[in-house]
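The block underneath contains the structure these notes are about, expressed in structure tokens.
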Amino acid sequence: MHPIVSILTTCYNREAYLAECIESVLNGHFQDFELIIVDDQSTDGSLDIAKNYAAQDERIKVHRNEVNLGDYPNRNRAASLAKGKYIKYLDADDMLGKWALDIMVDAVEQFPNAGFALFDFGPNRPLYPVELSPEQAFEGYYSGRYDFFHRSPLSSIIKRSALDAVKGFSGSQFVGDFEMWHRLCSQFPLVIISHSPVFWREHEAQESELIRQDPVIPLSYLQLSETILASEACPFQGEAQQYHIQKARRKTARSIFYGFKRHGFAGALRMKRHSHKTWVQLLRDAFS
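For the sequence shown, the working numbering gives the first residue as 294, with consecutive numbering after it.
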């Protein structure tokens, strides 16, 4: 019986990171996977690390290319070995969070016609997951509302049949991921997944809008940092405490001088008065 997800890890000289990458997969909540590691003629200990893990878990399969293929050809090579319904690329120097596969699989399974899914970022997004038709996805990106076509494979999960339909990555250097999302989206609906389990709404009446408008409010954060760092309850002690206090004072003072450019003379003057410091003190703090 084939697994739900084929996790594809292409590897070239990643001995410093590969073990953590594999451990992140094994420690994840979602366990119906195969992990295919394709070594691209590494000259370090990457292959030995992969083989050691494969000896302990039959879901891990290790392959070594006869010649160095390079990044995108090796991604296609790994995909040709996959048996799962979905493809999840995981570079050898990256890691998966504990619930990453659960979230991705749950999202894409809700939309049987979709070819792939991508994480999206930013405020005022719909409550995800949502499915976008090819036309909606293109309109969303090229109108500037979304920037999901700039995601890396780490932020994606792809139906294997859809990847086969577009015949894998073209091999275009640097822009290969960007090109792939366009090619997939030309033929299949796209599922958008939230990068966060909460919904952040941005609007004119929220407090964060007031912070942007009133220069004294962000200054209050900086001043509070100074007070906290100088208190007995601060976990920093001795030289470390003095270093961070001085750093906070410098940041506070410089924010007031930057205020001339950002908020004009009146705004900077308000910030100075709120600081309860003289210009001489602020100059000393700014360049200490």
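The C-beta atom is built at its ideal place from N, Cα and C for all residues, glycine as well. This structure is a prediction, so every number in the text was calculated from the model and none was measured.
Completely contained alpha helix (DSSP H) runs for the region 367-449, where each covers 4 or more residues: 393-402, 427-435
Residue 340 to residue 526 span [Cα, whole Å]: For the purposes of this step, residue 340 is identified with residue 47 of the sequence shown, where counting begins at 1. For the purposes of this step, residue 526 is identified with residue 233 of the sequence shown, where counting begins at 1. Distance between the alpha carbons of residue 340 and residue 526 is about 49 Å.
Beta-carbon spacing of residue 541, residue 512 below 8 Å: As a working mapping, residue 541 is identified with position 248 in the sequence shown. As a working mapping, residue 512 is identified with position 219 in the sequence shown. Against a cut-off of 8 Å, the Cβ pair of residue 512 and residue 541 comes out as no contact.
Residue 463 versus residue 329 - alpha carbon distance: As a working mapping, residue 463 is identified with position 170 in the sequence shown. As a working mapping, residue 329 is identified with position 36 in the sequence shown. One C-alpha to the other measures close to 21 Å.
Backbone secondary structure at residue 468 - three-state DSSP: Locating residue 468 in the sequence shown gives position 175, counting from the first residue. Coil.
The beta strand (DSSP E) enclosing residue 326, as first and last residue numbers: Reading the sequence shown from its first residue, position 33 is the one you call residue 326. 326-332 is the extent of the beta strand (DSSP E) around residue 326.
Separation of residue 385 from residue 472, as counted between CA atoms: Locating residue 472 in the sequence shown gives position 179, where the first residue counts as 1. Locating residue 385 in the sequence shown gives position 92, where the first residue counts as 1. Cα to Cα, residue 472 sits roughly 22 Å from residue 385.
One or two residues paired with residue 303 in a DSSP bridge: Start at 1 with the first residue of the sequence shown, and residue 303 comes out as number 10. According to DSSP, which records beta bridges pairwise, residue 303 is partnered with 331.
Close Cβ partners of residue 343 (< 6 Å) along its chain, the five nearest in sequence each way excluded: Translated into the one-based positions of the sequence shown, residue 343 becomes position 50. 330, 355, listed in sequence order.
CB contact flag (residue 308, residue 333, <8 Å): By one-based count along the sequence shown, residue 308 stands at place 15. By one-based count along the sequence shown, residue 333 stands at place 40. Their beta carbons are not under 8 Å apart, which means residue 308 does not touch residue 333 by this criterion.
Own chain, CB closer than 7 Å to residue 396, minus 5 neighbours either side, in chain order: In the sequence shown, counting from the first residue as 1, residue 396 sits at position 103. If we look at residue 396 and ignore the five residues flanking it on each side, its Cβ neighbours are 486.
Proximal residues to residue 360 (C-beta, below 8 Å), its chain only, five neighbours per side dropped: Residue 360 sits at position 67 when you count from the first residue of the sequence shown. Hits under 8 Å: 334.
Residue 486 - DSSP class collapsed to helix/strand/coil: Sequence index remark: in the sequence shown, residue 486 carries index 193 (1-based). Correct three-state label for residue 486: strand.
Straight-line Cα distance separating residue 530 from residue 465: As a working mapping, residue 465 is identified with position 172 in the sequence shown. As a working mapping, residue 530 is identified with position 237 in the sequence shown. Straight-line Cα distance between these residues: approximately 53 Å.
Where the beta strand (DSSP E) containing residue 356 begins and where it ends: Along the sequence shown, one-based indexing puts residue 356 at 63. Run containing residue 356: 353-357, per the beta strand (DSSP E) assignment.
Which listed residue (357, 379, 377) has its alpha carbon closest to that of residue 370: Position 77 of the sequence shown holds residue 370. The candidate whose alpha carbon is nearest that of residue 370 is 357.
Residue nearest to residue 378 in terms of C-alpha spacing, selected from 554, 538, 543, 298: As a position in the sequence shown, residue 378 is number 85, starting the count at 1. Ranking 554, 538, 543, 298 by Cα distance to residue 378 puts 298 first.
Cβ shell of residue 365 (< 7 Å), same chain only, five flanking positions each side left out: Here residue 365 corresponds to residue number 72 of the sequence shown, with the count starting at 1. Result list for residue 365: 462, 464, 469, in chain order.
Same chain only: Cβ atoms within 7 Å of residue 404, ignoring 5 sequence neighbours per side: Start at 1 with the first residue of the sequence shown, and residue 404 comes out as number 111. Closer than 7 Å at the Cβ level, and outside the excluded window around residue 404, lie 424, 482, 484.
Residue range of the alpha helix (DSSP H) that includes residue 525: The residue given as residue 525 occupies position 232 in the sequence shown. Residue 525 -> no alpha helix (DSSP H), and no H or E assigned at all.
Interface flag, residue 323 vs chain B, CB-CB below 8 Å: The structure shown contains no chain B; it is built from a single protein chain.
Test item: CB-CB of residue 318 and residue 389 under 8 Å: Locating residue 318 in the sequence shown gives position 25, where the first residue counts as 1. Locating residue 389 in the sequence shown gives position 96, where the first residue counts as 1. In contact: residue 318 and residue 389 (Cβ atoms closer than 8 Å).
Beta-bridge partners of residue 452, as assigned by DSSP: Locating residue 452 in the sequence shown gives position 159, counting from the first residue. Answer is 379.
Bridge partners - residue 298, DSSP secondary structure assignment: Locating residue 298 in the sequence shown gives position 5, counting from the first residue. Paired residue(s): 326, 379.
Residues near residue 412 by beta carbon distance below 6 Å, same chain, minus five either side: Position 119 of the sequence shown, counted from the start, is the residue given in the question as residue 412. For residue 412, where only same-chain residues beyond five positions count, the Cβ hits under 6 Å are 448, 486, 488.
Inter-residue spacing [alpha-carbon to alpha-carbon] between residue 566 and residue 537: Residue mapping note: residue 566 aligns to position 273 of the sequence shown, counting from 1. Residue mapping note: residue 537 aligns to position 244 of the sequence shown, counting from 1. Roughly 23 Å between the two C-alpha positions.
Beta-carbon proximity list for residue 431, same chain, < 6 Å, skipping 5 on both sides: Position 138 of the sequence shown, counting from 1, holds the residue named residue 431. Correct list: empty, nothing qualifies.
Burial state of residue 392 (16 or more Cβ within 10 Å): Against the sequence shown, residue 392 aligns to sequence position 99. Residue 392 comes out exposed.
Per-residue burial, residue 476 [other beta carbons within 10 Å of its own, 16 or more giving buried]: Reading the sequence shown from its first residue, position 183 is the one you call residue 476. Flag for residue 476 reads buried.
For residue 548 and residue 559, the rounded distance between their alpha carbons: Position 266 of the sequence shown, counted from the start, is the residue given in the question as residue 559. Position 255 of the sequence shown, counted from the start, is the residue given in the question as residue 548. Distance between the alpha carbons of residue 559 and residue 548: 14 Å.
Under the three-state DSSP convention, the category residue 567 falls into: Within the sequence shown, numbered from 1, the residue matching residue 567 stands at position 274. If DSSP states are grouped into helix, strand and coil, residue 567 belongs with the helices.
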